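So the structure is just underneath, and the comments pick up after that.
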């Protein structure tokens with residue numbers, strides 16, 4: 251089983267749609283969680299951190315459920331510019347910090 | 183934040199040759215990381231480049247194949263040695279900035295094709 255698993259995608263949605271991505275992690279020693287965005291042929295960039303209390307940044311909402319070891323990202327009112335690959339990222343503390351990247355979920359937003 | 187540059191941005195190499203990728207950061211950082219991202223895949227950590235000591239390699243990666251240098255706190259190199267087509271990938275340099283987000287910043291990547 252992969253340490254971080256994401257919806258395989260791709261997601262094809264029309265502009266204005268709401269889309270949700272899911273991510274699960276296997277190691278309970280995971281302590282920090284993030285969503286990164288990677289545009290085609292570009293490097294990943296931090297989209298937002300994920301906190302236990304949930305957090306929102308404009309049209310983006312991230313949720314963390316530690317009991318279920320589950321992270322989500324909700325995008326409301328999708329824009330064409332949201333088309334990208336979204337990477338779930340987990341930092342484990344197992345005697346040292348280790349960053350694990352999910353395989354990513356590809357999103358296509360169409361007009 | 184951190185601004186990272188990598189050279190070369192891309193290269194096409196012959197089997198059996200070696201390529202050295204350079205990574206330059208605009209500020210001093212303790213740890214630098216080298217990742218590989220194969221087409222359609224996520225990032226796989228190759229090694230952590232430590233200043234003043236040998237790099238720490240992840241399982242499946244060895245120093246003879248991927249020698250790393252870290253001469254100072256703003257620069258590192260990764261060499262892909264004795265290349266084969268299976269080494270064709272994007273190689274990314276990264277640094278971690280200890281802010282409230284512990285954000286990782288990535289270089290633009292080096293796209294390597296081995297014929």
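Protein chains in written order, with this note's numbering: chain A, 251 to 361; chain B, 183 to 297.
No residue lacks a Cβ here, since even glycine has one placed at the ideal position from N, Cα and C.
Values in this document were obtained by computation on a predicted structure and should not be read as measured data.
With its beta carbon at least 8 Å from every one in chain A, residue 294 (chain B) lies outside the interface. The beta-carbon of residue 282 (chain A) is placed less than 8 Å from the nearest beta-carbon of chain B. Nearest Cα to residue 351 (chain A) within the set A:339, A:359, A:290 and A:297: A:339. Judged by DSSP in its simplified three-state form, residue 260 (chain B) adopts strand. Under DSSP, residue 254 (chain B) forms a beta bridge with B:257. Residue 187 (chain B) and residue 207 (chain B) have their C-alpha atoms some 7 Å from each other.
Assignment of residue 191 (chain B) by DSSP, reduced to helix, strand and coil, places it in the coil class.
Using a Cβ-Cβ cut-off of 8 Å, residue 357 (chain A) does not count as an interface residue toward chain B, since no Cβ of chain B sits closer than that to its own. Sorting A:307, A:302 and A:310 by C-alpha distance to the C-alpha of residue 280 (chain A) places A:302 at the top. In the assembly as shown, residue 246 (chain B) is an exposed residue. Its beta-carbon has fewer than 16 other beta-carbons within 10 Å.
Interface flag for residue 224 (chain B) against chain A is set, since a Cβ pair is found closer than 8 Å. Residue 259 (chain B) sits close to residue 204 (chain B), with the two beta carbons spaced by under 8 Å.
Contact with chain A is absent for residue 221 (chain B), since none of that chain's Cβ atoms lies less than 8 Å from the residue's Cβ. When 7 Å is used as the limit between beta carbons, residue 285 (chain B) is near these residues of chain A: 296, in chain order.
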